[in-house]
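Below is one structure, written out as structure tokens, with a few remarks after it.
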Amino acid sequence: MSAPDTRGYFGDFGGRYVPEVLIAALDELERAMMAAFADPAFWAEYHEVLRDFVGRPSPIYRCERYAADVSSVPLVMKREDTNHTGAHKINNTVGQALLARRMGKRRLLAETGAGQHGVATATVGAKLGLPVDVYMGVRDIERQALNVDVMRLLGAQVHAVASGTQTLKDATNEAFRVWAQRVEDTFYVIGSVVGAHPYPFMVREFQKVIGIEARRQTLERYGRLPSDVIACVGGGSNAMGIFSGFVDDRDVKFWGVEAGGKGVDGDEHAASLRAGSIGVLHGSRSYLLQSAEGQVRETHSISAGLDYPGVGPEHAFFKESGRATYVDITDAQAVEAFHAFARCEGILPALESAHAIGFARELAAQRGADDLILVNLSGRGDKDIGRC
Amino acid sequence: MSAPDTRGYFGDFGGRYVPEVLIAALDELERAMMAAFADPAFWAEYHEVLRDFVGRPSPIYRCERYAADVSSVPLVMKREDTNHTGAHKINNTVGQALLARRMGKRRLLAETGAGQHGVATATVGAKLGLPVDVYMGVRDIERQALNVDVMRLLGAQVHAVASGTQTLKDATNEAFRVWAQRVEDTFYVIGSVVGAHPYPFMVREFQKVIGIEARRQTLERYGRLPSDVIACVGGGSNAMGIFSGFVDDRDVKFWGVEAGGKGVDGDEHAASLRAGSIGVLHGSRSYLLQSAEGQVRETHSISAGLDYPGVGPEHAFFKESGRATYVDITDAQAVEAFHAFARCEGILPALESAHAIGFARELAAQRGADDLILVNLSGRGDKDIGRC
Amino acid sequence: MLEDAFERARGEKRMAFIPYVMAGDPDLETTEAILLALSDAGADVIELGVPYSDPLADGPTIAAAGQRALRSATHLREVLALASRCRERCPPIVLFTYYNPVYQFGVERFAREAAAAGVAGAIVPDVALDESAELRAALQAQGLTMPLLVAPSTPHPRAARIVDAATGFVYVVSRLGVTGTGNAPDFAPLRRQLASLRELTDKPLAVGFGLSSPQDVRNLGMLADGVVVGSALIDAYAGARAQEAATRVRQFVAPLIAACFLVSP
Amino acid sequence: MLEDAFERARGEKRMAFIPYVMAGDPDLETTEAILLALSDAGADVIELGVPYSDPLADGPTIAAAGQRALRSATHLREVLALASRCRERCPPIVLFTYYNPVYQFGVERFAREAAAAGVAGAIVPDVALDESAELRAALQAQGLTMPLLVAPSTPHPRAARIVDAATGFVYVVSRLGVTGTGNAPDFAPLRRQLASLRELTDKPLAVGFGLSSPQDVRNLGMLADGVVVGSALIDAYAGARAQEAATRVRQFVAPLIAACFLVSP
Ligand SMILES: Cc1ncc(COP(=O)(O)O)c(C=O)c1O
Ligand SMILES: Cc1ncc(COP(=O)(O)O)c(C=O)c1O
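Protein chains in written order, with our numbering: chain A, 1 to 388; chain B, 1001 to 1388; chain C, 2001 to 2265; chain D, 3001 to 3265.
The following block contains the structure:
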């Protein structure tokens, strides 16, 4: 387990850029997290909930048709889409909610963009009997009305955030603000490997189950490790989750696929690592999309879950160290992959995951039967029907 | 394995009431099915697809809060909602599609009501590269537009059926008619334990995995068998699937929950076993809702998947023999259970499954800590948002 | 009665003409007028359809006719009464009914009341050989026939058992699928099948499903003993009532009946 | 400069009055007029907000002011120029800026240009003690102060380290949460905290977040050395421009400044 340094830095990235009012809460969280991580009973409970409630392990599935015309490489999907609530997000909310209960917190708080993390938090909150408040931009509430309904059915309060871009970025600001007010009894469940230390580390540890399972499954089934692991990168949690299972396997190449939107040469994309620069957002230093003056830019992606100007600090570290390579797939390519994959494999991928799948086909053309490409199919695409 | 007799009868129920043009196809199917069932390689392939593609085994999950106020009985859900495509239906379509491929059939044909079986068939067809035609009533196409989109994204042709009630019953008639025309190269994938022999038997065998897994899981986790097994009954496949895992455990009580609609005393319900009479529909003799003159009645249920006037013949046999007890839950009760379950457990059940869940709470009040109630949570409720 | 009808046609070197009419479409009065018209025109046997909610052997035309008939509250009881009313003025009537209405009526009772109504027999398209024993016995006990269907997909050994069991005549389905005029049969294989059935039995062979024109009739090449025309006939009078419907029926069947003669062996 | 301002206020047996103004809201001309009005009215120190897209320590009022200011293209460079323009006519100016604009500007460059603009220091709400070393050193090298914040949630040992590291003054956050007038602080615990901080340091203690009325000011009971008023002030001039805004500001701050005196020790 490669942890960040004591101040929460992965190399130059990470840290804790938050108002003083939150520092004590982050310290308390860090202490509780370390205690929980060292407690086998905590992990036992986490794994039991993942098994019985989430339905883990998620399978790995070898595609039969999607890239068969361009390559003989085994193309294997890690099926996070089969999780309860339909994406990897729930691995993390289970972990954080169990930690919240262990810490005696009374309520959960979450930001959400596409609504997937909001749904995953509302879900776990309902199960554990913890009230949940979700902050969501007004524009996202309009774009993702179905997930709003789901959260409400699960008993969560969904609060509309009308400030700034009215999307995930500002919902996150608002969640921080609300947390600052309620920091004593409220646990802030962050949805990706972003935020102030210890969030990027903690969320990674809760998503690592993806990589650990996938490594074991790949070895069991194919008797070897993948040559390449591919995942889409929004905040970066599903990517970090699968990468971290293979981080010590130095020959396994990591590919993070960002949202190229209408092209990374223009302004309408969300490719923080590919086309951004270093800065501080939502509590940590990493890459982000910003103006020359340090104002955070509005982003664009057809996939709401990737439509975020920042990225987790450990990805910035992986980029700098060369451990992972970051590429992008445009809206149009993602939509094409979505359709092709649905028709060839009978699986509707989330538009986020369709970015990884689109790139996988490109990479497959350069790989052969001795290689093995593992793709994190981070979620199901039901939420995206009618949007492409 | 309790098979029907050679003519496809479970006691007095079942048989093969279809036009002569289909008899040879049913004979061919029966022979191919028996050969496949006797072939370990077939089952190995079936189980591999269930594992890698569907994500089986589905977990069992013990509710913590839903009925805790009325009973200390362990209330355990078999989580078919975590399957790929979100319901038990896919267990069956995987089996039938593999059989179709084995038989050298070139196309799949399916009827659908709510669209779940249509989606499950389209899914497996896409995966195996077999074109799929789905027949669906005009009214259902309107009511279940989302699933129509999904089927089309998966490459299936959805055909609107404008005759009769324009719902599942007539879509089934139409599928039979189309099959009669294309019987040589087309495999008709029926979506429940209904239809002419060998369908009720075959579909049960493909759904039996639910019961086999659940029995093993219950024993492993609780060291005992359930006292009661509950499932909703539309055509009856999810119920037969879970019941058949326990059929030789004579102490395990079976409860089939039909759609009580606006009340079984009136006309607006779909409770064939509770309130119907014996007759012949869609190829087999069973209970059905019909007029004194033998015209099949229009039915009503808030849950599209239960809105069917017939029921599988083996259920009729279980009713007559007393092996299972059939009860009903009204629309209003199902909606209440849907909401309560979502808020207490963080799981949105399909409205179909909500019937089983609603009854489970009633039964729980009569059971204690030494008992164990197992409920088949046949599908997820995402499709039902906005309908209740 | 049925045997006589086929015998007479054979004697006249023609195929028997067997029109299909849906009882009660759009009302019983119209059906009665049509029956009399068919009788006048020279029909040898009449298939009288019993409306059913779920006619899965029928294409759109007959299914829609059944829906209209149900709207006029025509059920098995009403159809039997109609048959009884027309018995003196009509050629032999064979009911064409799905099984469920019969089952609800009661199989024995059905046979009894059908016999009392003077009906010649019953064709039940969803009761193939395998499920036919009980109903066949009940009908036979009342002196009624039960023609069975043979389809293009029926394997030869099974066809042999079917023709054995069939009474009255053997209903030879001309092509895969359901009733309806959409796609015409492929006559070459149909003729081969008729020839091979002919080797199995002396019972009359009546061909149906998808025949709509005099040319279709001629294409049978006298290999059959009878020709059933249903959907095309219904199309011909659809929308009309009573005498207007009867007139249209008369016009429509005349060339078909002529075609039954025209064919040279 | 800052020390002098607090000294003078202390000499006059009053708390220093520290208004917060968002630069460029709605334009720089207005801000300039407000700064001069505040100066005339007797403000001791001015917090000058640098607009930022993601002000997560700010409530709706200041966040909205920042949005308006961004619409007038006000960024760090423009704010420094404004400060420079006003330096002769104003009390000491402390910038209130989030870290990212500073980081993009360059930390060293920021310190240099801020000093050149005559600014007294910078409050950076998202840089707490732990991340403050580099920025603090850069500012100090240019003779600038970096007040740090202490929150109600800050544990005592940490508060001791913060007051140690803070320069210019210690910014005591009056209550949990962000800036804004929504909920007033709970004064009893706030007074206890001020008393306990007083034991740790002689540096000036300025209280901010949520203070909006003379009564709030009086409630501090002279335990603080300074009072920051931001959101309430912005609310007071919101919608107005230039001299009209300045007039409203003057009216609004007069009773607050009076309240700074009124309290008896
Ligand atoms: C299915 C899916 N994949 C990926 C993402 C992107 O998040 P992350 O990069 O943290 O995995 C989201 C976010 O909502 C998502 O829903
Ligand atoms: C989730 C779910 N449960 C139950 C049913 C009812 O079918 P059956 O009784 O065959 O299980 C359906 C049918 O669509 C369904 O979608």
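Where is the CB? At the ideal position from N, CA and C, for every residue including glycine. Small disclaimer: the values here were computed from a predicted structure and weren't measured.
9 Å Cβ cut-off: residues of chain B touching residue i
i, result
"C/ALA2065", "Within 9 Å Cβ-Cβ: nothing; C/ALA2065 doesn't reach chain B, min ~12 Å."
Alpha-carbon spacing of residue i relative to residue j, whole angstroms
i, j, result
"B/ASP1069", "B/ARG1361", "10 Å"
"A/GLY241", "A/GLN207", "4 Å"
"C/ALA2151", "B/GLY1294", "27 Å"
"A/GLY137", "A/ILE190", "16 Å"
"B/PRO1198", "B/GLY1305", "22 Å"
"A/VAL264", "A/LEU288", "13 Å"
"A/LYS78", "A/VAL233", "15 Å"
"C/PRO2091", "C/VAL2045", "5 Å"
"B/PHE1187", "B/ARG1007", "21 Å"
"A/ILE297", "D/ALA3069", "According to the sequence shown, residue 297 of chain A is Arg rather than Ile. Cα-Cα distance, rounded: 16 Å."
"B/VAL1280", "C/ILE2093", "25 Å"
"C/ALA2057", "B/ASP1185", "19 Å"
"B/ARG1016", "A/SER237", "54 Å"
"C/ARG2248", "C/ILE2034", "9 Å"
"D/SER3264", "D/ASP3202", "Bear in mind that the predicted position of D/SER3264 carries a pLDDT of just 49, short of 50, making it unreliable; the figure below should be weighed with that in mind. About 20 Å."
Cβ pair residue i, residue j closer than 8 Å
i, j, result
"B/VAL1194", "B/HIS1084", "no"
"D/MET3001", "D/ILE3062", "no"
"B/VAL1203", "B/TYR1135", "no"
"D/GLU3078", "D/LEU3028", "yes"
"B/VAL1257", "B/ALA1356", "yes"
"A/ALA196", "A/LEU26", "yes"
Interface flag, residue i vs chain C, CB-CB below 8 Å
i, result
"B/GLU1293", "yes"
"B/LEU1281", "yes"
Coil, strand or helix - residue i by DSSP
i, result
"D/GLY3221", "coil"
"D/TYR3099", "helix"
"A/PHE246", "coil"
"C/LEU2211", "coil"
"D/PRO3189", "helix"
"A/PRO349", "strand"
"A/GLU111", "strand"
"C/HIS2156", "helix"
"B/SER1321", "helix"
"B/GLY1381", "coil"
"B/ILE1060", "strand"
Residue i: contacting residues in chain D (beta-carbon distance under 7 Å)
i, result
"A/ASN173", "ASP3054, LEU3056"
Within chain D, the residues that residue i reaches when beta carbons sit closer than 8 Å
i, result
"A/TYR9", "Going along chain D, no residue has its Cβ under 8 Å from A/TYR9, so there is no contact; the nearest lies around 10 Å."
Interface residues of chain A facing residue i [CB-CB closer than 8 Å]
i, result
"B/THR1123", "GLY346, ILE347"
"D/LEU3205", "Going along chain A, no residue has its Cβ under 8 Å from D/LEU3205, so there is no contact; the nearest lies around 14 Å."
Neighbour list for residue i in chain A, Cβ cutoff strictly below 9 Å
i, result
"D/THR3154", "GLU20, VAL21, ILE23, ALA24"
Residue-chain proximity (residue i, chain A), Cβ-Cβ < 8 Å
i, result
"B/SER1058", "yes"
"D/PRO3265", "Unreliable positioning characterises D/PRO3265 in this predicted model, as indicated by a pLDDT of 40, which lies under 50. A coordinate reading is not provided."
"D/ASP3126", "yes"
Within-8 Å CB hit, residue i to chain B
i, result
"A/TYR61", "yes"
"A/SER126", "Residue identity check: residue 126 of chain A is Ala in the sequence provided, not Ser. Yes - at least one Cβ of chain B is within 8 Å of the one on A/ALA126."
Chain D within 8 Å of residue i, Cβ atoms only
i, result
"A/VAL296", "yes"
Contacts of residue i in chain A (Cβ-Cβ under 7 Å)
i, result
"D/ALA3151", "GLU20, VAL21"
Chain-ordered neighbours of residue i on chain B, where CB pairs are closer than 7 Å
i, result
"A/VAL203", "Within chain B, no residue comes near A/VAL203; the closest Cβ sits about 20 Å away, beyond 7 Å."
"A/GLU45", "Here the premise fails: no neighbours, minimum Cβ distance about 12 Å."
Of the residues that make up the stretch 1207-1230 of chain B, which ones have a beta carbon closer than 9 Å to any beta carbon in chain G?
Annotation note: the requested chain G is absent from the structure, which comprises protein chains A, B, C and D.
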